[in-house]
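Undergrad: I'd like to ask some things about the structure below.
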Amino acid sequence: MSYDIAVGRCTGVSEQHALVKVEGAMLRRLRPGQVFGVQTKACLRVPLSVCSKQRTPRQGEELYLDHDSVSAGAEAFLDVEGDGQFVPADIRLLVDKLEPIPRPQPSQKHRAANWPIRH
């Protein structure tokens, strides 16, 4: 079952890559063991091949990645300080131990024949 993962606000799209500003929660997934604040200047450059097919990347909007494509792995690069120095990043860490929440089962509806009769 494939689903999309929101990773942050898209700051640019080229012919081959999308650039996304990532917050502290995503940074902690990509760099476990390091401490980051909530507000960061970090950017992640991902290939368009891992982006959602239903929600295509658009500058200024949330960027969604396809779970199955990310699980398979792709070459992505992370700029932790926001200074243009990109280093390779393992984006499979974004989906590690990530499972979708199942939809709740519909509640059983009472049939009119079972309702108490008022006189």
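In terms of the working numbering, the numbers along the sequence shown are unbroken and rise by one, the last being 389. Even glycine gets a Cβ: it sits at the ideal position worked out from N, Cα and C.
(1) Tell me the residue span of the beta strand (DSSP E) that contains Val277.
(2) Excluding the 5 residues flanking Val357 on each side, which residues of the same chain have their C-beta closer than 7 Å to its C-beta?
(3) What's the C-alpha gap between Ile361 and Val320?
(4) What residues in its chain sit with their C-beta under 7 Å from that of Lys311, if we drop five residues either side in the sequence?
(5) Quick check: the Cα distance between Cys280 and Glu331, rounded to an integer number of angstroms?
(6) Comparing alpha-carbon positions, which option in Tyr273, Arg328 and Arg388 lies nearest Glu285?
(7) Select from Pro317, Val277 and Ala276 the residue whose C-alpha is nearest the C-alpha of Gly343.
(8) Quick one: what does DSSP say Ala346 is sitting in, helix, strand or coil?
(9) Which residues share a DSSP beta bridge with Val357?
TA: If we stick to the structure as given:
(1) Asp274 to Val283
(2) Phe347 and Leu348
(3) 10 Å
(4) Glu351 and Gly352
(5) 6 Å
(6) Arg328
(7) Pro317
(8) strand
(9) Leu348
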